[in-house]
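Everything below concerns the one structure shown next.
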Amino acid sequence: MRGNTVVGEAAIRAGCTCYFGYPITPQNELPEYMSRRLTEIEDGIFIQSESEISAINMVLGASVAGARVMTSSSSPGISLKQEGISFLCGDELPAVIVNMVRGGPGLGNISPAQSDYFQSTRGGGHGDYRTVVLAPASCQEMADLTMEAFDISDYYRNPVLILADGMLGQMMEPVTFENYKPRELPKKDYIIDGAKGRPSRFVRSLILNTKDMEEHNWKLMRKYKMITKNEIKCDEFMMDDAKIAVVAYGTAARIAKGAVKRARKEGLKVGLIRPITLWPYPSEVIKKWARSVSLFVVFEMSAGQMIEDVELSLKGSSEVYFYGRPGGVIPTPMELVKIISSQYYQKGF
Amino acid sequence: MKKVYSRPKYLKKVPMHYCPGCGHSIVAKLITELVEEMDIADRTICIPPAGCAVLLYNYFDFDCVESAHGRGGAIATAMKRVLPDRVIFTYQGDGDLAAIGTAETIHAANRGERFTTIFINNAVYGMTGGQMAPTTLFNQKTTTSQFGREMRRDGAPIKMSEMLATLDEGVAYIERTTVIDVPSIKKTKKAIKKAFQIQMDDIGFSLVEVLSPCPTNWKMNPLQSCKWIDEDMTKVFPLGVIKDITENKKVKEAVNAD
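Protein chains in written order, with our numbering: chain A, 1 to 349; chain B, 1 to 258.
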């Protein structure tokens, strides 16, 4: 199946009944698929909204009414959704948001890019908040992570972002939807569906009393701490004797894997660390390898964003080298092999 | 002795923050009276706006969901689709509905979403301190149109109800009312009741625009404010039914058939 479609089918199988979105390349196969597939579902709701802003607020409405809901877009559209994402976090409402990242800033282009890392992992909108960010690197992972995203989102009552790009969205690979193990989730006792047989209640993010607002912020922070403790995912490849560790995620990690294999054939001791959750970030994994790895090569399809998290994890304990291609350029494995080997020999490993 | 008037059941017993002479408190009271009379408190959901009415959930004793500024139409759309048998209404000011939320409003109306919008038009941004609103009249002085609104700089006061009425069959009912005296308050209540009923009968989108006094930001006393609505505001925003497809014979038959 095609990546974009995989995300849609995975969502449906995870119990998503609502999709709201606005067309933007390179993710249009996803809303197109949902528009058809949701008609086959009882209570399925699909609306092509008038804007991204409207879409994310429809997401909020469906979420607060108790439904499993998803929206998707690409970079400029995700920028427009930020106000709504901030409200979802303040209201503590679940939602799954897919970003098929394209080159930026501005309209940029429609090529695969990773330049929305800051926006995704630092919040993106206003206020002290975080969203869980999952970065799949294959169609199978798109399926698994999309399904898990709904559970994570419901469990913590916080939006979850799936960060991919046009490459992953367009590629076709075989997938199974059988890996999903539904989590045990708390009852949705916060939803707004009319005060029948219970006192009336409301959902809001406005807390005018500063002390109460502060406490709400600390409450969110405690939640984020729990997410950090429980939800970090990271993949390691040929790391055991590695002198150089390439750190890359998503599409860049696929390229990096090819490069690591080639470098290994040339006899270079190189491994790959692939963060799957970008927030919470697998800092402990990076830190762990600092003892045996002499150089971390951060490889991104951006001008250098995740490198900040690598450096924060290492706190100066190891050397970091950056290689990136922004603007929607897809680097080749050979290009990266050259970088790796030149660093390898320069440092005299 | 017969009790002829009391505090509405679903109006919480807390003091309201509204200024003296403000129309919001009247409309809030009318809504809670209707919710009681129509016996729909256990299935009514209000979506308050950003602005003076942001704290409506502190007054309404039924479910409420906060909306970001202008986004009520989008939130109500999704909620009503997920919960089609609930009575859902947005409560929005002129800035919320006619400026920042214009797109959400027009498209929800055009899709014929089965929720109701209570549109409070007081020709000014109240909560933020009296700036020019999309509905501010020509020559009306506000903190951001200090010498009066003028066409070349500010454009004309926007007539949202008339604009929405041009949309096709999705829009079922639009009426403009006011709350400056007993008869107009009664008319407003009747209009909101009709709007709720149209929603419950699954006919289409319904909206009641209420010309509402804002003495604080108009720098008038409450009586002068009512007079200004009567003499000036209604010239630009005439009162009355602007659209009603239930007058249409077919719709009437369909409604009566149930």
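Idealized CB from N, CA, C, for every residue including glycine.
From the beta-carbon of B/Leu34, no residue of chain A is found nearer than 9 angstroms; the closest lies around 16 angstroms away.
With a cutoff of 7 angstroms on beta-carbon distance, B/Asp96 and B/Gly130 are scored as not near each other. Here B/Cys52 is near B/Met127, since their CB atoms are less than 7 angstroms apart. One thing to note: A/Gly103 has its Cβ within 7 angstroms of the Cβ of A/Gly327. A/Glu300 and A/Ala245 have their C-alpha atoms spaced approximately 14 angstroms apart. The beta carbon of A/Gly124 sits closer than 7 angstroms to those of Gln82, Ile85, all from its chain and outside the five residues before and after it, given in chain order. At least one CB atom of chain B sits nearer than 7 angstroms to the CB of A/Ile192. For A/Met221, no beta strand (DSSP E) run applies; the uninterrupted alpha helix (DSSP H) run containing it begins and ends at 210 to 230, by DSSP. Under the criterion of beta carbons closer than 8 angstroms, A/Tyr249 and A/Leu272 do not qualify as touching, at roughly 10 angstroms.
The Cβ atoms of B/Thr188 and B/Val182 lie no closer than 7 angstroms to each other. Within the segment 113 to 146 of chain B, not one residue has a Cβ closer than 7 angstroms to any Cβ of chain A. In chain order, Phe202, Arg204 make up the part of chain A whose C-beta sits under 8 angstroms from the C-beta of B/Tyr57.
When C-beta distances to chain B are compared with 9 angstroms, the residues of the segment 2 to 23 of chain A below that value are Thr17, Cys18, Phe20, in chain order. B/Pro213 carries a coil assignment under DSSP once its states are collapsed to helix, strand and coil.
A distance of 7 angstroms or more separates the beta carbons of A/Val132 and A/Thr121.
Around the C-beta of B/Leu211, 16 or more other C-beta atoms lie within 10 Å, and the residue is accordingly described as buried. Among the residues facing chain A, B/Ala156 is not included, as its CB has no counterpart in that chain under 7 angstroms away. For A/Asp165, the enclosing beta strand (DSSP E) has its first and last residue at 159 to 165. In the DSSP annotation of this structure, B/Thr116 is not part of any alpha helix (DSSP H); the continuous beta strand (DSSP E) holding it starts and ends at 116 to 121.
Residues of the segment 14 to 31 of chain B whose Cβ lies closer than 9 angstroms to any Cβ of chain A: none. B/Glu66 is classed as buried because its beta carbon has at least 16 other beta carbons within 10 Å across all chains shown.
The C-alpha of A/Pro94 is placed about 18 angstroms away from the C-alpha of A/Ala135.
Taking the Cα positions, B/Pro84 is about 28 angstroms away from A/Glu184. Residue-level contact check: A/Met238 does not touch chain B, since none of the beta carbons of chain B fall below 7 angstroms from its beta carbon. Counting other Cβ atoms within 10 Å of its Cβ, A/Val310 reaches 16 or more and is therefore classed as buried.
Sequence-distant Cβ neighbours of A/Ser294 in its own chain, meaning closer than 6 angstroms and more than five residues away, are Lys243. At a cut-off of 4 residues, the continuous stretches assigned as alpha helix (DSSP H) that sit fully inside the segment 63 to 120 of chain B are 72 to 82, 102 to 110. Under the DSSP assignment, A/Asn99 falls outside any alpha helix (DSSP H), being part of the beta strand (DSSP E) whose first and last residues are 95 to 101.
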